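J.: Under this note's numbering, the residue at position 60 of the sequence shown is numbered 101, and the numbers go up by one with no gaps.
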Amino acid sequence: MARSNCSPTQLIGNMPMVYLNNVVDGCVARIAAKLARDDGTLLKCQRQIGYSMIREAEEKGLISPGKTVVIEYTSGNTGIGLAFIAAAKGYKLILVMPSGVTVERKMVVLAFGAKLYLTDPAKGIQGLFDKADEILKNTPNGYILNQFENPANPKENSRPISVNKDEWSERLQINLQLFV
Numbered sequence: 042m043a044r045s046n047c048s049p050t051q052l053i054g055n056m057p058m059v060y061l062n063n064v065v066d067g068c069v070a071r072i073a074a075k076l077a078r079d080d081g082t083l084l085k086c087q088r089q090i091g092y093s094m095i096r097e098a099e100e101k102g103l104i105s106p107g108k109t110v111v112i113e114y115t116s117g118n119t120g121i122g123l124a125f126i127a128a129a130k131g132y133k134l135i136l137v138m139p140s141g142v143t144v145e146r147k148m149v150v151l152a153f154g155a156k157l158y159l160t161d162p163a164k165g166i167q168g169l170f171d172k173a174d175e176i177l178k179n180t181p182n183g184y185i186l187n188q189f190e191n192p193a194n195p196k197e198n199s200r201p202i203s204v205n206k207d208e209w210s211e212r213l214q215i216n217l218q219l220f221v
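(1) Closest to A129 by C-alpha separation, out of P139, V150, S116, would be which residue?
(2) Where do the ends of the alpha helix (DSSP H) carrying K130 lie?
(3) How far does the alpha helix (DSSP H) with L177 in it reach, from first residue to last?
(4) Please name the residue in G154, P162, T180, F125 whose C-alpha comes closest to that of T143.
(5) What three-state label does DSSP hand E100 in the structure shown?
(6) Comparing C-alpha positions only, which one of F189, G183, Q188, P192 sits nearest to L103?
(7) Could you have a look at K133 and say whether DSSP puts it in helix, strand or coil?
(8) Nearest by alpha-carbon distance to E190: which of F170, I176, G131 is it?
(9) Measure the C-alpha to C-alpha separation of A193 and E100 and round it to an integer number of angstroms.
(10) Would you grab the beta carbon distance between G122 and I90 for me? Rounded to a whole angstrom, and I think it's under 8 Å.
(11) Tell me E113's beta-bridge partners as DSSP assigns them.
(12) Could you give the distance in angstroms between the alpha-carbon of T109 and the alpha-carbon of K133?
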C-alpha cells in the first residue's frame, strides 16, 4: 500500500521492501527485495544531498521554511534535488546555473517553483559563485547552502547503504536469517 499521508521528504532513505512471494514459490524462506526505482528527474543521490543540506541547516537554526530564501549554484542535478525538497518543505529557492545546461534541467527546476538565473558558461564556476553572491546581497533572509563546502554534501555521498542484518530484521519486523 502506498504512503499517501506523509511528506515526500519522509520517503527519502526509506525505500520500501517487497516480498517476492511468487518468485520463490515452494521455497521455505520468505524473500524480500528493496523496491527502488529511478523516476528520471529526481536523481536519488541529489535528492538525498538536497534533503541532507536543508535538514542540517534547519537543525542549526540557519534556515526555516516560509522565511528563508535558499540560494544555490548548480549545474543541474543537485539543483533538481534541492528544487524538489524546497517545494516539499515550503522554501523559496533561487538557483544559479550556467546557461548551457539542458532545457530539461531548467524545466524541471522551474516546474518545482525555483527561480532560475543563468550565467555565461565562459565565466565558469566563478561566474556561478559571483552571481549567487550578488543575489544573496540583494535577497532579504537569503542563505547559500554552498554545496561544495557544505559538510552535509560529502557526508551524504559517503553514507554507506546498510547491510546490517539486524537493522533490516527490525525494519521488516521479522527474524531475518540471511541478508544478501
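No residue lacks a Cβ here, since even glycine has one placed at the ideal position from N, Cα and C.
Treat the numbers as computed from the prediction; the structure is a model and nothing was measured.
T.: On the basis of the coordinates in this document:
(1) As a first step, residue 129 must be located in the sequence shown, where it is residue number 88. Checked all of P139, V150, S116; the closest Cα to A129 is V150.
(2) The residue you call residue 130 lines up with position 89 of the sequence shown. Its alpha helix (DSSP H) spans residues 118–130.
(3) For the purposes of this step, residue 177 is taken as residue 136 along the sequence shown, with counting starting at 1. Its alpha helix (DSSP H) spans residues 165–178.
(4) Taking the sequence shown and counting its residues from 1, the one referred to as residue 143 is at position 102. Cα-wise, what sits closest to T143 is P162.
(5) Stepping through the sequence shown from its first residue, residue 100 is reached at position 59. In this structure, E100 counts as helix in the three-state DSSP scheme.
(6) Residue 103 sits at position 62 when you count from the first residue of the sequence shown. Comparing Cα positions, the closest option is G183.
(7) Numbered from 1 along the sequence shown, position 92 holds the residue referred to as residue 133. It is a strand residue.
(8) The count along the sequence shown starts at 1 and reaches residue 190 at position 149. Considering only alpha carbons, the answer is F170.
(9) Numbered from its first residue, the sequence shown carries residue 193 at position 152. Numbered from its first residue, the sequence shown carries residue 100 at position 59. If I take the Cα positions, the gap works out to 12 Å.
(10) As a first step, residue 122 must be located in the sequence shown, where it is residue number 81. As a first step, residue 90 must be located in the sequence shown, where it is residue number 49. About 6 Å separates the two Cβ atoms, so the contact holds.
(11) As a position in the sequence shown, residue 113 is number 72, starting the count at 1. Partner(s): L136.
(12) Position 68 of the sequence shown, counting from 1, holds the residue named residue 109. Position 92 of the sequence shown, counting from 1, holds the residue named residue 133. Their Cα atoms are separated by approximately 7 Å.
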